[in-house]
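Asks:
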Amino acid sequence: MTKTFLLEAGQGVELWNAEIGESNLQLKLVGYRDMDWSCTKQLEACMEELSVVTFETPDGAQMDLGLHVETNNSCAVLGLYCPFWMVNKTTVDIHYKTEDSMGIPHPATYEEPVLFSYRSKTLFTKKKAAVKLFNSEWSEKFSLDAVGSSGTVVAKSKDGETYLLSVGITLSTTGLTRIVTFTPYYLVLNKCKFSIEVKEYVENSDWIQIEPEGCIPLWPKQAQKLEMMARYGGTTECTVPFSCKETNSVLLKLTNKKGGVYMSCHVTESAAVVTFCDYEDGLSPVLLVNHSNYRISYCQLGYKDTNTYFLPAKCVVHYTWDNPMAKRSLMWGTEETPKFSKLDLLMDDCDQVDLRGKKLYWIAFLNGKQRTVLFTEDTQIVVKIQESGALERNIYDVALSVHGVGISLVNDNPKREIVYLSIVGSGVKWEWKKERKAIFKPMSAKESALVEAQYQKYQNLCKLGRNPQTEYPVTNYRVNFQDMKVTSDPKKDIRRLARPGIWCQYKMSKHQSMIHAKLHMLQIDNQIPDCTFPVILTPVIIRRSLGEGMIPKPFIETSIIIRQFDYSQVRQFKYFKVLIQEFHIRIDQCFVNSITSFTSINEKDTDHEELIDQDKHKVKVNLKEISEQFSEQGTKDFFDMLHFSPLKVHLSFSLSTAGKESSGSPLFNLLLQSFGVTLTEIQDAVLKLDYFEKSNAYLSMNQLVNEAASHYTRQTLKQIYVVVLGLDVIGNPVGLLMGFTTGVGDLFYEPLQGAIQGPEEFAEGLAVGVRSLIGHTVGGAAGAVSRITGTIGKGIAALTMDEEYQRRRRLEQNRRPNDIAEGIAQGGRDFVMGVYEGVTGIVTKPVAGAREEGVSGFFKGVGKGLIGAVARPTAGVVDFASGSFDAVKRATDVVDEVFPVRPARFIRPDGIIRPYNLMEAQGNRLLQDVDKGKFAETDVYVAHMNVCDEGKNVLLVTTRRIMFVLRGDVFGQWNSEWNYLWEDLKEVPTLSDTDIKVLLKEPRKTLFGRKDNGKRILVRDRIAAKHVLQKIEEVMKKPI
């Protein structure tokens, strides 16, 4: 029985009578481009997640669309989508073309998006297109895959004309369609109260009128070197030509009652927007004030012979440039000085000129939106202007110091901690210097700890009101903390440094504000068990540079000085600098999954109709709204000096997931599939983003944010090749190359840094540089081999189809060796265990499979056992090689390994989030590690107690058992020496003076036939032992 449904965009229907494998779905696209398109799709049992369906019209035209299939609760949800929406905002007809199409027209009158696609064989590969308009040829092909990017496409005609189009690519709210918007590169926006006419400064060009609040596209004949003229509508006087090839703003002269019109041109890689505004006070570039008794002559640089003006004594005049395209510098002089002086007017400045024994002073300073130049003979005026703001008494002087901050992110389902963010200080560091030297050097970590211990002793005695002794012994010298000196030979000055996690200072006077802030150390830890990268974000910490124990620079530091006067809304940023140190970003797929799950906890069901309406609203914006995105909006501020530091980011990404989690975010994976991209692992790919700097420029805050974001986005896109070459499967050859480059760079850079500080530091810097060269070259080669073998080992481990084995392998890989010997020993153990588990798996896997799934599980286990017999020993061999090379790299590395700040929070079975307890967190971590996580799924942590001072023997209590665990000396793993279930105990363990006695109900036979009646555990801390026994009694009476 056939039934027809009419669905609007975004709507859906449930097909109750459809039969998988039997029913056919007939789809029809009604009235698109005045034609009906149809296709037939059979409902199959196993349909691909993304596939292609071909629609045809009665006259044979074809169009391929995408079909997304999602299975949810045994229900198949089919979604029809178009890969691309092409939006034409150019106001002219354009055509699109792919490699396998003849061209699709898009008339300017067709305001809806054109559905654009590719043939089925190329739909899920990297895609490019070309366009043409007017009488042009096809443009060069450009990519349609770079979501979030924008750029310019050039189409040229045979007669030499060039047309520039802006292309912006965004992702639809549904996630599978890319919206490609075409706009003219040049746009003209009229913000005046009257109409404006513009024309290109070439022969045979016509005036084009723009109504107030109107916006028009401009298709110039000289597209790459646009020069224009402007005038008010209904007038004949026009401005001088001005350039639109770079960002600038200027007041253009008009020889009529209007006086002038203000033009601002904002040029980016994807648009050039020219905006006209009426003249307002303060829009002229220069205000000349003649407070002297001399007549001042002035002109623009290069126009002395043709456009020289005169300013009488005690007069004021506004001035704008005679030729905006020439150099914007002011020349001036007097009758007494025939030679003119030059003023660049870029920054606050002042000087004096001798006039036959008398002095004439000039001072240039910012006055609202314009630069004011004052000529005077009164020195007091100059001094007062210079000192205004700089020497004012502070109204506020606030300093904020925060030792540390910790933020914990806990998911509700499953109940576990995902992320821990910590901001910490430097800790206490001591420095010293010889009496005749100027530079302090850090003490060694051991000496610093000894001096700090004596200093705390001295401070405690001072607080108690006692008279502490003058000198304190520290190893082979004596320290005087009152004078902060080492009194024994050689005598030295000492100082104590302790930087807080967050430090901020704010000072404000009547006309000036100063902000100086530092964030010392920021670290974000991944708290999900079994993750590949336990630390997500952390600054790069150099092991040694110019002295052991030196306090590293703050991770983020900013300094801002703002001046603002009563009569102006314009703020003057005298100094604005942000510095961010080199840092690591390491992300696991399991972390991405957890964050996605966390942010979508309270999400309502997807309303596709609402999402489609949002996308339709996006494509209906007009040219004016588009131009206002690029034009200069908001109040402008003046920046004398703005500098955002370059960014150096070490990027790593792992596809591993924790436990039985899915392999990734559905939307993320679908997006990659639709791009035709297969995401692989990334290991330490280095992104270097250039600094962003502006000087002596007017910028609105909105403009500043947009330009800075655009700058770093472009830099990131330029460096994508590093990520592509840094793929894990080829051993990160870029990382190897960077290793050699960095080594040579350090050899050149650090001695230079040392030379600035003095001869001794130069020699020390040279030694550090040589060590860095050796470390990066040897370590770089070893690291590349380690990554290649590590990737192969991961692939072989996946062949075993044993998730528990893969989880244990990840756990072992995360346990980093401390030196070469430990790394080789760990690799040898991996090989031996691989052979052992491979052989025993032939028997154990079928038994385990039958226990879980019956007969089918038995045969699955046979398959797993046979594959594991080959795969596990092979993976062991590969892991042995990978671990050995990795140990070599770590031994030669000059960057310190960073570890999580603390273990993950332990959440009790009742799900209540309590204040963090380090003891519980350590005990829960121990439970996860014992016997490679053997008891992690069945038991819940209750309590634990260290049996020896070294912490290698631990009594661990869980909801099901008591166990005694030991830490291995060679590999550092935790193993259970013995464990008893609660039901096997005769009574609650008892505490004597020296030990805890654990008795069994029935004796057990040991390996050599001896009987085991129980155990005695030596006790060093009776308070801890009583706490553990109390927990045991509670859990035996009523399991937690």
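Each residue of the sequence shown is one higher than the last, beginning at 0 in numbering that gives the first Met the number 0. Every residue, glycine too, gets a C-beta built ideally from N, C-alpha and C. Because the structure is a prediction, the values reported are computed rather than measured.
(1) If I'm right that residue 282 touches residue 368 with Cβ under 8 Å, what's the distance once you round it to whole angstroms?
(2) Suppose you measure from the CA of residue 176 to the CA of residue 614; what does that come to, to the nearest Å?
(3) The alpha helix (DSSP H) spanning residue 618 covers which residue range?
(4) In the region 56–100, which residue ranges form an unbroken beta strand (DSSP E) of at least 3 residues, counting only runs that do not cross its ends?
(5) Kindly list the residues whose CB is nearer than 6 Å to the CB of residue 31, restricted to its own chain and excluding five residues on each side of it in sequence; keep chain order.
(6) Quick one: what's got a C-beta closer than 6 Å to residue 399's C-beta in the same chain, skipping five residues either side?
(7) Tell me the residue span of the beta strand (DSSP E) that contains residue 227.
(8) What does the alpha-carbon distance come out to for the pair residue 436 and residue 494?
(9) Evaluate contact between the region 138–147 and the region 585–594, counting only Cβ atoms and requiring at least three cross-stretch pairs below 8 Å.
(10) Within the continuous alpha helix (DSSP H) that includes residue 336, where are the two ends?
(11) Going by the beta-carbon positions, is the gap between residue 341 and residue 330 smaller than 8 Å?
(12) Let's test the definition: count the other Cβ atoms within 10 Å of the Cβ of residue 519 and tell me whether it reaches 16, buried, or not, exposed.
(13) Does DSSP put residue 927 in a helix, in a strand, or in coil?
(14) Considering only the beta carbon of each residue, do residue 192 and residue 304 sit closer than 8 Å?
(15) If you draw a straight line from the alpha carbon of residue 1016 to that of residue 996, how long is it in whole angstroms?
(16) Count the C-beta pairs between the region 365–384 and the region 397–411 that are closer than 8 Å, then say yes if the count reaches three, no if not.
(17) Check whether the Cβ atoms of residue 1010 and residue 983 lie closer than 8 Å to each other.
(18) Going straight from the alpha carbon of residue 19 to that of residue 611, what length do you get?
(19) Could you give the distance in angstroms between the alpha-carbon of residue 496 and the alpha-carbon of residue 430?
(20) Starting from residue 457, trace the alpha helix (DSSP H) both ways and give me its first and last residue.
(21) Cutting at 6 Å between CB atoms, please list the residues of its own chain near residue 576, excluding the five before and the five after it.
(22) Taking the alpha-carbon of residue 355 as reference, which of 1024, 310, 702 and 293 has the nearest alpha-carbon?
(23) Indicate whether residue 318 and residue 285 have their beta-carbon atoms separated by less than 8 Å.
(24) Just the Cα atoms here: how many angstroms apart are residue 263 and residue 36?
(25) Could you name the residues of the same chain whose beta carbon sits closer than 7 Å to that of residue 224, not counting the 5 residues immediately before and after it, in chain order?
(26) Of all the options 311, 563 and 346, which has the alpha carbon lying nearest to the alpha carbon of residue 510?
(27) Quick check on the burial criterion: 16 or more other C-beta atoms within 10 angstroms. Buried or exposed for residue 280?
(28) Where residue 956 and residue 530 are concerned, what is the direct C-alpha to C-alpha distance, given to the nearest angstrom?
(29) Can you determine whether any heavy atom of the ligand NAD sits closer than 7 Å to the C-beta of residue 101, and answer yes or no?
(30) Between which two residues does the alpha helix (DSSP H) holding residue 175 run?
(31) Taking buried to mean at least 16 other C-beta atoms within 10 Å of its own C-beta, is residue 923 buried or exposed?
(32) Between the region 203–222 and the region 634–652, are three or more C-beta pairs nearer than 8 Å?
(33) On the DSSP letters alone, give me the boundaries of the alpha helix (DSSP H) that residue 949 sits inside.
(34) If I follow the unbroken beta strand (DSSP E) through residue 506, where does it start and stop?
(35) Using only alpha-carbon positions, find the residue among 986, 985 and 964 that is nearest to residue 976.
(36) Between the Cα of residue 172 and the Cα atoms of 82, 692, 380 and 521, which residue gives the shortest distance?
Replies: Let me lay it out:
(1) For the purposes of this step, residue 282 is identified with residue 283 of the sequence shown, where counting begins at 1. For the purposes of this step, residue 368 is identified with residue 369 of the sequence shown, where counting begins at 1. 6 Å between Cβ atoms; contact.
(2) One-based indexing of the sequence shown puts residue 176 at position 177. One-based indexing of the sequence shown puts residue 614 at position 615. Roughly 10 Å between the two C-alpha positions.
(3) For the purposes of this step, residue 618 is taken as residue 619 along the sequence shown, with counting starting at 1. That run of the alpha helix (DSSP H) goes 607–618.
(4) Here the runs fully enclosed are 61–71, 74–80, 83–87 and 93–96.
(5) Here residue 31 refers to the residue found at position 32 of the sequence shown. There are no such residues.
(6) Residue numbering aside, residue 399 sits at position 400 when the sequence shown is read from its first letter. Listed in chain order, the non-local C-beta contacts of residue 399 below 6 Å within the same chain comprise 503, local neighbours out to five positions each way being set aside.
(7) For the purposes of this step, residue 227 is identified with residue 228 of the sequence shown, where counting begins at 1. Residue range 226–231 is occupied by the beta strand (DSSP E) that includes residue 227.
(8) Numbered from its first residue, the sequence shown carries residue 436 at position 437. Numbered from its first residue, the sequence shown carries residue 494 at position 495. Approximately 14 Å between the Cα atoms of the pair.
(9) The region 138–147, when compared against the region 585–594, does not touch it at the 8 Å Cβ threshold.
(10) For this step, residue 336 is matched to residue 337 along the sequence shown. Unbroken run through residue 336 is the beta strand (DSSP E), 336–342; no alpha helix (DSSP H).
(11) Residue 341 sits at position 342 when you count from the first residue of the sequence shown. Residue 330 sits at position 331 when you count from the first residue of the sequence shown. Yes, they are a contact pair.
(12) Counted from its first residue, the sequence shown places residue 519 at position 520. Residue 519 should be labelled buried.
(13) In the sequence shown, counting from the first residue as 1, residue 927 sits at position 928. If DSSP states are grouped into helix, strand and coil, residue 927 belongs with the helices.
(14) As a working mapping, residue 192 is identified with position 193 in the sequence shown. As a working mapping, residue 304 is identified with position 305 in the sequence shown. Between residue 192 and residue 304, the gap from beta carbon to beta carbon reaches 8 Å or more.
(15) What you label residue 1016 is simply residue 1017 of the sequence shown in a count that begins at 1. What you label residue 996 is simply residue 997 of the sequence shown in a count that begins at 1. The straight-line gap from Cα to Cα measures roughly 7 Å.
(16) Put simply, the region 365–384 does not touch the region 397–411. Fewer than three CB pairs are less than 8 Å apart.
(17) Position 1011 of the sequence shown holds residue 1010. Position 984 of the sequence shown holds residue 983. Taking the C-beta atoms as reference points, residue 983 is found no nearer than 8 Å to residue 1010.
(18) As a first step, residue 19 must be located in the sequence shown, where it is residue number 20. As a first step, residue 611 must be located in the sequence shown, where it is residue number 612. Pairing residue 19 with residue 611, the inter-Cα distance amounts to about 29 Å.
(19) As a working mapping, residue 496 is identified with position 497 in the sequence shown. As a working mapping, residue 430 is identified with position 431 in the sequence shown. One Cα belongs to residue 496, the other to residue 430, and the distance between them is close to 8 Å.
(20) Locating residue 457 in the sequence shown gives position 458, where the first residue counts as 1. 444–462 is the extent of the alpha helix (DSSP H) around residue 457.
(21) Numbered from 1 along the sequence shown, position 577 holds the residue referred to as residue 576. Answer for residue 576: 558 and 642, listed in chain order.
(22) Start at 1 with the first residue of the sequence shown, and residue 355 comes out as number 356. Nearest of 1024, 310, 702 and 293 to residue 355, Cα basis: 293.
(23) In the sequence shown, the residue the question calls residue 318 occupies position 319. In the sequence shown, the residue the question calls residue 285 occupies position 286. For residue 318 and residue 285, yes; Cβs fall inside 8 Å.
(24) Position 264 of the sequence shown holds residue 263. Position 37 of the sequence shown holds residue 36. The alpha-carbon atoms of residue 263 and residue 36 are separated by roughly 49 Å.
(25) The residue labelled residue 224 in the question sits at position 225 within the sequence shown. Contacts found: 244.
(26) If you number the sequence shown from 1, residue 510 lands on position 511. That would be 563, whose Cα lies nearest to the Cα of residue 510.
(27) Locating residue 280 in the sequence shown gives position 281, counting from the first residue. Its Cβ having fewer than 16 others within 10 Å, residue 280 is exposed.
(28) Here the question's residue 956 lines up with position 957 in the sequence shown. Here the question's residue 530 lines up with position 531 in the sequence shown. Roughly 25 Å between the two C-alpha positions.
(29) With respect to small molecules bound, the structure shown includes none, and the ligand NAD cannot be examined in it.
(30) Here residue 175 corresponds to residue number 176 of the sequence shown, with the count starting at 1. No alpha helix (DSSP H) holds residue 175; DSSP gives it neither H nor E.
(31) The residue you call residue 923 lines up with position 924 of the sequence shown. Around the Cβ of residue 923, a 10 Å sphere holds 16 or more other Cβ atoms; the residue is buried.
(32) Fewer than three pairs of CB atoms, one per stretch, sit closer than 8 Å, so the region 203–222 makes no contact with the region 634–652.
(33) In the sequence shown, residue 949 corresponds to position 950, counting from 1. Element bounds for residue 949: n/a, residue is neither H nor E.
(34) To locate residue 506, count along the sequence shown from 1; it is residue 507. 501–507 is the extent of the beta strand (DSSP E) around residue 506.
(35) Translated into positions along the sequence shown, residue 976 becomes position 977. Ranking 986, 985 and 964 by Cα distance to residue 976 puts 964 first.
(36) To locate residue 172, count along the sequence shown from 1; it is residue 173. If we check each option's Cα against that of residue 172, 82 comes out closest.
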